[in-house]
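Here the structure is laid out as structure tokens; the discussion comes afterwards.
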Amino acid sequence: MRAFYTIMAIMVALLLRFGGHLLVLSIHATLAVKQSVRCGVLVSGVWFCIPSSLVLPLLFLHRAGKLLCSKKTESGQGSDDASILRA
Numbered sequence: 001m002r003a004f005y006t007i008m009a010i011m012v013a014l015l016l017r018f019g020g021h022l023l024v025l026s027i028h029a030t031l032a033v034k035q036s037v038r039c040g041v042l043v044s045g046v047w048f049c050i051p052s053s054l055v056l057p058l059l060f061l062h063r064a065g066k067l068l069c070s071k072k073t074e075s076g077q078g079s080d081d082a083s084i085l086r087a
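Under the numbering used here, the sequence shown is numbered contiguously, ending at residue 87.
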């Protein structure tokens, strides 16, 4: 089940990035928009890259047990506190 959540987190971040870029490029391509609006749309398109740039490092830190909510015990299972946070 944890692998499913990991895959879904990656997929949502990538879909947000892809959809955001499609939206930005379609607005930029319309000829009815002023040049200043086009520039603002292109600059705001950078914000669509941020979630996908943050997901993979956070997943790596989660797997390594460096995040506060993902402490592992010696048996490899999450502690009681971590399982409470996941629920």
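For each residue, glycine too, the CB sits at the ideal point set by N, CA and C. This structure is a prediction, so every number in the text was calculated from the model and none was measured.
Tell me, to the nearest whole angstrom, how far the beta carbon of residue i is from that of residue j; I am working on the premise that it is less than 8 Å.
i: His21; j: Phe48; result: 6 Å
i: Ser44; j: Ala13; result: Ser44 to Ala13, Cβ: 18 Å. No contact.
i: Arg17; j: His28; result: Incorrect: roughly 16 Å between the Cβ atoms, too far for contact.
In the structure shown, what three-state DSSP assignment does residue i receive?
i: Val33; result: coil
i: Cys49; result: coil
i: Leu58; result: helix
i: Met8; result: helix
i: Gly19; result: helix
i: Ser44; result: helix
Compute the Euclidean distance between the alpha carbons of residue i and residue j, then round it to the nearest angstrom.
i: Ile10; j: Met1; result: 15 Å
i: Leu25; j: Leu42; result: 8 Å
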